[in-house]
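In terms of UniProt numbering, the sequence shown has 198 at position 198, counting the first letter as 1, and numbering is strictly consecutive. Ideal Cβ placement from N, Cα and C applies to all residues, glycine included. From a predicted model like this one, the values you see are computed outputs, not experimental measurements.
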Amino acid sequence: MPGRGENKGLHKNNKNSIIILILSAGANAMTQQAAHIPADVRERIIAAATDLFEQSGREAMPTVDAVRRAARVDMNAASAVMREWRRSQTAQAAPVAVAVPESVQQASSAAVAAIWQQAQELANESLRSAQAAWETERAELDAMRQELAEAFERQAAELETLQTRLASIEDAEAAARGEADELRGQLAAAQEQAHTAEARAQEIERRAGELRTELDRAHQDADQARGALAEQQKASQAAAAQLDQVRGELAKVQAKTEANEEAHQEQRKQAAAEAHRMAERLTAAQAERDQATKAAAQAREEAARLAGQLDTLKEQSAALLARITPPAAELKPTRKKPGSGE
């Protein structure tokens, strides 16, 4: 029968077996969780973890968050596959403790004691290996929890940032909608103004056409007025030429009258009649001059000058008539006495 030390060793062995079973159950649970992950997601996670592990020179295990970002997967899938991947990187073969059968103990106490001693050593070695693996896994789990906590905090910060950005985007969207509504209102007002401006432009164009027609008519009237003025100027020039002619003729008559002042009375009468005709012609010329002056505004100064000259000629004619017209006594013919030699 085994001694007290052997029973104590068996108890410790059973305890170690329970720990191993717990660790195995946890591993099985993680394995089952990882089994539900799609194959393509698993491959991306393993590839990302391997790449990051190789980039560090196989000296530091990549964090779950770094693998999640590189593989572009969710945190649950990344943590589950990372547990399996880390275990595959650190897994080592360890002997399993086995209980000594009762039949072997009854066969030989000495042999059993020796065998049991060796079994204890194997069990202790297995326990130490299991404890080391458990410590390693616990450290990995602690590190993973820390990584998950940090990743959660980063995700929370990112979520808060995204929520803030979402709120800003929503505010910007609301402002954009308001601005769009305002722009639509401005567009409608601008279109209404455009229609009004188009109608005004058409009205202005119509009025411009009417003004162009009136301007053409005014040009025609101006051309007619210029033609009439030219005719009037020609008439004034003709009247002035006629006046010059009359003035020349009057001068001739005056010279002739002065030369023949002492001539016969009949000649004086003829000269007076000629002077009277000249005066009538001057009067007619003055009438034509006055008519041309009224018709042509630009010939007024010339007509005024001609009127002054005509007045002077009238005075000269009147003086000349006064000089050449004999008194009433002189107009009676003197009859010759009979027998006179005259």
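Coil, strand or helix - I324 by DSSP
helix
Nearest-angstrom Cα separation, counted from A167 out to A78
30 Å
Backbone CA spacing between R87 and I37 [nearest angstrom]:
17 Å
Can you tell me the Cα-Cα spacing of E280 and A318, whole angstroms?
12 Å
In chain order, what are the residue ranges of uninterrupted alpha helix (DSSP H) at least 4 long that sit wholly in the UniProt domain "KfrA N-terminal DNA-binding" (42-158)?
64-71, 75-90 and 102-107
How big is the Cα-Cα spacing for R323 and E274?
14 Å
Count the other CB atoms, across all protein chains shown, that sit within 10 Å of the CB of Q286; report buried if there are 16 or more and exposed otherwise.
buried
Residue environment, A251, which counts as buried when at least 16 other CB atoms sit within 10 Å:
exposed
Do you know offhand how far R44's Cα is from R68's?
9 Å
So A49 and M75 are in contact, right, with Cβ under 8 Å, and what is the actual spacing, rounded?
Actually they do not touch by this definition, with Cβ atoms about 14 Å apart.
By Cβ distance below 7 Å, which residues in the same chain neighbour L321 in space, the five residues on each side in sequence not counted?
A272 and A275
Rounded to the nearest angstrom, what separates E288 and E258 at their Cα positions?
30 Å
What's the C-alpha gap between T63 and F53?
10 Å
Starting from the Cα of D40, find the closest Cα among V73, G57 and R58 and give me that residue.
V73
Rounded separation between R207 and R184 - CA only
34 Å
Grouping DSSP H, G and I as helix and E and B as strand, with all else coil, what is H36?
coil
Buried versus exposed, by CB contacts within 10 Å (16 or more), L306
buried
Between the C-alpha atoms of I115 and E135, what's the straight-line distance to the nearest angstrom?
29 Å
So is L215 buried or exposed if we call it buried at 16+ other beta carbons inside 10 Å?
exposed
Could you work out which residue in R277, Q316, L243 and A255 is closest to D290 when comparing CA atoms only?
L243
Quick check on the burial criterion: 16 or more other C-beta atoms within 10 angstroms. Buried or exposed for M200?
Here the sequence assigns Arg to residue 200, which means Met is not the residue at that position. That one is exposed.
Roughly how many whole angstroms lie between the Cα atoms of D171 and E147?
35 Å
Alpha carbon to alpha carbon, how far is T283 from R226?
28 Å
Inter-residue Cα distance where the pair is A175 and I169
9 Å
Look at the alpha carbon of Q233 and the alpha carbon of D221, and state the distance between them as a whole number of angstroms.
18 Å
Tell me which residues share the same chain as L23 and place their Cβ nearer than 8 Å to its Cβ, disregarding the 5 neighbours each side in the sequence.
Residue placement at L23 is poorly supported in this model, since its pLDDT is 42, which falls under 50; the coordinates still yield a value, given next. Hits under 8 Å: A130, A133, W134 and E137.
Going by the CB atoms, is the gap between A71 and A47 shorter than 9 Å?
yes
Report, in whole angstroms, the separation of the C-beta atoms of S236 and E302, which I expect to be a contact under 8 Å.
6 Å
What distance in whole Å lies between the Cβ atoms of L313 and residue 343, which are believed to be in contact at a cut-off of 8 Å?
Look at the range of the chain in this structure, 1 to 342, and you will see that residue 343 is not part of it.
Backbone CA spacing between Q193 and Q186 [nearest angstrom]
10 Å
For M278 and E249, which I take to be in contact (beta-carbon distance under 8 Å), what is that distance rounded to the nearest angstrom?
6 Å
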